[in-house]
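Take a look at the structure below.
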Amino acid sequence: MLLLGFASGLPLALSAGTLQAWLTVEGLDVRTIGFFALAGLPYTFKFVWAPLADRFEPPLLGRRRSWLVVTQLGLAVLCFVMATLDPKSSVAAVGACAVAIAFLSASQDIVFDAYRTDLLRENERGAGAAVSVLGYRLAMLVSGGLALILADQWLGWPGMFRAMAALFALMAAITLWAPATPPAAPLASDVRRELVGFVAMVVAGVATFWLLRQLPWRLLGTGRFVSLGADTLMLLAAMFAALQAARRAGFPSFLAPWDAFFDRERAAALLAMIVLYKLGDAFAGSLSTTFLIRGAGFTATEVGAVNKVLGLAATIVGALAGGAWLAKRPLYGSLMLFGVLQAVSNFGYWLLSVLPKDYLLMAAAIGFENLCGGMGTAAFVAFLMALTDRRFSAAQYALLSALSAVGRVYVGPASGVMVEAFGWPTFFVFTVGAALPGLALLWWLEPQVIALDRTGPVVQGGAGK
13 MLLLGFASGL PLALSAGTLQ AWLTVEGLDV RTIGFFALAG LPYTFKFVWA
63 PLADRFEPPL LGRRRSWLVV TQLGLAVLCF VMATLDPKSS VAAVGACAVA
113 IAFLSASQDI VFDAYRTDLL RENERGAGAA VSVLGYRLAM LVSGGLALIL
163 ADQWLGWPGM FRAMAALFAL MAAITLWAPA TPPAAPLASD VRRELVGFVA
213 MVVAGVATFW LLRQLPWRLL GTGRFVSLGA DTLMLLAAMF AALQAARRAG
263 FPSFLAPWDA FFDRERAAAL LAMIVLYKLG DAFAGSLSTT FLIRGAGFTA
313 TEVGAVNKVL GLAATIVGAL AGGAWLAKRP LYGSLMLFGV LQAVSNFGYW
363 LLSVLPKDYL LMAAAIGFEN LCGGMGTAAF VAFLMALTDR RFSAAQYALL
413 SALSAVGRVY VGPASGVMVE AFGWPTFFVF TVGAALPGLA LLWWLEPQVI
463 ALDRTGPVVQ GGAGK
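Mapping the sequence shown onto the working numbering, position 279 (from 1) lands on 291, and the numbers just tick up by one.
Below, the structure written as structure tokens:
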């Protein structure tokens, strides 16, 4: 789990921070570099093609390890291609490679999450989540920190990308020796029908979103309406259209995971809890760096050193401690305890906002917040694994993890408005309150969460309620 978690985290910076640094060093303008942020879109929409990882199986190694090896070798090839490109003369090719890296990286995440869910027993979920988080974080240091040092001091950018390619090839070789997952019964469906349904779903979703975003406002002569609320409603409408297209065209690999999930008791409430559980954490983290520099008066160097070193160390310790706790204690109690600690940890930022500048207090606040966040993440990942049906582990986990990111994506604009209106102290008190709906929902769902400890993930032939 440690090495596969490492492989899963390795590509992230190569289509984000490290790529941005390369483009900056090569002298591209800020506007062009800004557009490269769109390369990360596959991470947001990975749930769309996740069902295909459940439906199709490359030969020899089983449906999980085979896809892992395919994506890792593909990433190795793309890094070798990146090493041959010059961003100034081949910006389109670099952009295409960045999108392809993000796509294969998101696909690897899909399969790794499914592999972990399929392989680990109920009493191993917490430890497995903690170890994989540790591997993921260490990989982000390698591709986001060490890669920059290698490129700047020793190997140059082409040499750095070749080194990353070799590392991906090594990860593929290691995956060959990973334990096999239990065999799963394949879905009985026609391949051609699956592909037609997939295309119909994507076309319907994209077309609906584009039409709602463009047509009415063009007809009114007002241009595009781009408020967050309107875009959210348009996205929901697009998802509904995509779901209807999938039903009409016949796309069982997409529909079956949803139908299986909603067979359980209080399914909608479980989905709401996934969105809300880390909402307070998301609010506090959305502007934490801005607050520490602009609100608390620390320098960027001071914030970077504490966040990167102490923050990362605290997150790793928290994840490992959370995993050890989960190995011996029930999931429900762990989720409740860690959720309360996550909420309380936001008071550290509140103290920083009302007290004079204090380096020790900053270190304590960041360390405690990251420690509690790491414990909460370990429990939350174990919860998602427990909710997942092993027949559809790739599709369901991708859908559930996408829902868990909703708060993190959409709190940013609201956070800025609140800080301007009420100030930092009131904002951080609000972040504590924002955690309460998720905890209240967890309390209401206590019977369902306790049942997950007894039954584990839903398996074929069981309702799993």
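Using N, Cα and C, we set each Cβ at its ideal position, and we do this for glycine too.
| query | result |
| --- | --- |
| Other residues of its chain near V106: CB distance less than 6 Å, five sequence neighbours each side excluded | L97, P99 |
| Between the CA atoms of L399 and L457 - distance to the nearest angstrom | 13 Å |
| Per-residue DSSP class, three states only, for P54 | helix |
| V37: first and last residue of the uninterrupted alpha helix (DSSP H) it sits in | 29 to 37 |
| Whole-angstrom distance between L87 and A142, CA atom to CA atom | 25 Å |
| Host alpha helix (DSSP H) of R77 (start-end) | 74 to 95 |
| Alpha helix (DSSP H) segment containing I113, residue limits | 103 to 131 |
| Residue range of the alpha helix (DSSP H) that includes N382 | 371 to 399 |
| Simplified DSSP assignment, three categories, for K340 | helix |
| Residue burial classification, R260 (beta-carbon count within 10 angstroms, cutoff 16) | exposed |
| Assigned exposure category for G156 - 16 Cβ within 10 Å defines buried | buried |
| Coarse secondary structure for G156, derived from DSSP in three states | helix |
| Cβ pair S365, P437 closer than 8 Å | yes |
| Cβ separation of G21 and A151, assumed to be a contact under 8 Å, to the nearest whole Å | 3 Å |
| Three or more C-beta pairs below 8 Å linking the segment 348 to 367 and the segment 428 to 447 | yes |
| The segment 400 to 419 in contact with the segment 160 to 169 per 3-pair CB rule at 8 Å | no |
| Spatial distance of A410 from P71 (CA atoms) | 23 Å |
| Meets three-Cβ-pair contact criterion under 8 Å: the segment 374 to 390 and the segment 321 to 337 | yes |
| Extent of the continuous alpha helix (DSSP H) run through V441 | 436 to 446 |
| Residue from R43, L207, T56, F252 whose Cα sits closest to the Cα of A219 | F252 |
| 8 Å Cβ cutoff met for Q120 and L80 | yes |
| Length of the line joining the Cα atoms of A62 and F442 | 36 Å |
| Neighbour-count burial assignment, R67, 16 or more Cβ in a 10 Å radius | buried |
| For E69 and G379, the rounded distance between their alpha carbons | 43 Å |
| Buried or exposed by the 16-neighbour rule on C-beta atoms within 10 Å, applied to S239 | Because the pLDDT at S239 is just 46, under 50, the model does not fix this residue reliably, and the point stays unresolved. |
| Same chain, Cβ closer than 7 Å to L363, five either side skipped, listed in chain order | L373, A377 |
| For A25 and A114, the rounded distance between their alpha carbons | 9 Å |
| Buried or exposed by the 16-neighbour rule on C-beta atoms within 10 Å, applied to A212 | buried |
| Same chain, Cβ closer than 8 Å to L40, five either side skipped, listed in chain order | P99, K100, V103 |
| A417 (DSSP reduced to helix, strand or coil) | coil |
| Cβ-based burial, F434 [other Cβ within 10 Å; buried from 16] | exposed |
| Expected contact under 8 Å - CB spacing of L453 and M348 to nearest Å | At roughly 11 Å, the Cβ-Cβ gap does not stay under 8 Å, so L453 and M348 are not in contact. |
| Stretch-stretch touch, CB-based, cutoff 8 Å, three pairs: the segment 335 to 343 with the segment 131 to 139 | yes |
| Spatial distance of C91 from V145 (CA atoms) | 24 Å |
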